[in-house]
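Contents: one structure, followed by commentary.
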Amino acid sequence: MPEQKIKIEMAMAEAAEWLRDLADRLENPEKDPGDAGLPNLGDFTKMKIRFKRVGDRVKVSAKVKGSKAPSEAAPVRSPETDENAGEAETQRDAYKDLKTSMKKTFKAIKESLDADALPPADVVAAFLSDSERMIRLPGYGDEYYEAYRAACFRFREAHRSADLAACKIARDELERLKSECHDRYK
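Under the working numbering, the letters of the sequence shown match residues 48 to 233, in that order.
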């Protein structure tokens, strides 16, 4: 099951019990969730839970992504069982660092273009360099990488030729691709 969404409203005490049941499910994913409004965790990859207090009640929204039925779940991986665990963690750290850097430079690019000015060459160079490094990392939206690379090329060429309109078009394409990829993988 690729994604589950749960929305329920309950009393505050019930919300505390719901969280305890969820914690128990994390320790025992094969346990039947019953009718407690708990998601089927299986081999989830991401879970978001939001609580909104409304008077003496709580609205709970939960979203679980990448969940599989327990029978389909992948084996538990740990540094002891997976010699590539350290490499994967290093890759995640590199990805986070790139995202942070790209967020700053892309924001500067958007602000310049929104002010009808070409962004500084050093900012563009840093963004494009980070973009090239990012699309070499496997598993973070590989199917978007070729289109993203092409949009980066169009942006580079538009910037080199000082074509403000073409820069804005390429920026919009980069923004669209980023949003589509992040919606799917975040």
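Even for Gly, the Cβ is constructed at its ideal location relative to N, Cα and C.
As the structure is a prediction and not an experimental result, all values here were calculated from the model.
Expected contact under 8 Å - CB spacing of residue i and residue j to nearest Å
{"i": "residue 108", "j": "residue 97", "result": "5 Å"}
{"i": "residue 177", "j": "residue 145", "result": "5 Å"}
{"i": "residue 35", "j": "residue 141", "result": "The first residue shown for the chain is 48 and the last is 233, placing residue 35 beyond what the model contains."}
Whether residue i touches residue j by CB criterion (8 Å)
{"i": "residue 50", "j": "residue 111", "result": "yes"}
{"i": "residue 214", "j": "residue 202", "result": "yes"}
{"i": "residue 216", "j": "residue 195", "result": "no"}
{"i": "residue 188", "j": "residue 231", "result": "yes"}
{"i": "residue 103", "j": "residue 59", "result": "yes"}
{"i": "residue 165", "j": "residue 198", "result": "no"}
{"i": "residue 223", "j": "residue 156", "result": "no"}
{"i": "residue 147", "j": "residue 174", "result": "no"}
{"i": "residue 227", "j": "residue 191", "result": "yes"}
For residue i, the three-state DSSP class (helix, strand or coil)
{"i": "residue 129", "result": "For residue 129, the pLDDT reaches just 47, beneath the cut-off of 50, and the residue's location in the model is therefore unreliable, although a value from the coordinates is still provided. Coil."}
{"i": "residue 122", "result": "Note that residue 122 has pLDDT 41, beneath the 50 cutoff, so the model's placement of it is unreliable and no number is given."}
{"i": "residue 109", "result": "strand"}
{"i": "residue 209", "result": "coil"}
Kindly provide the ranges of any alpha helix (DSSP H) runs that are 4 or more residues long and lie completely inside the segment 138 to 200, ordered along the chain. 168 to 181
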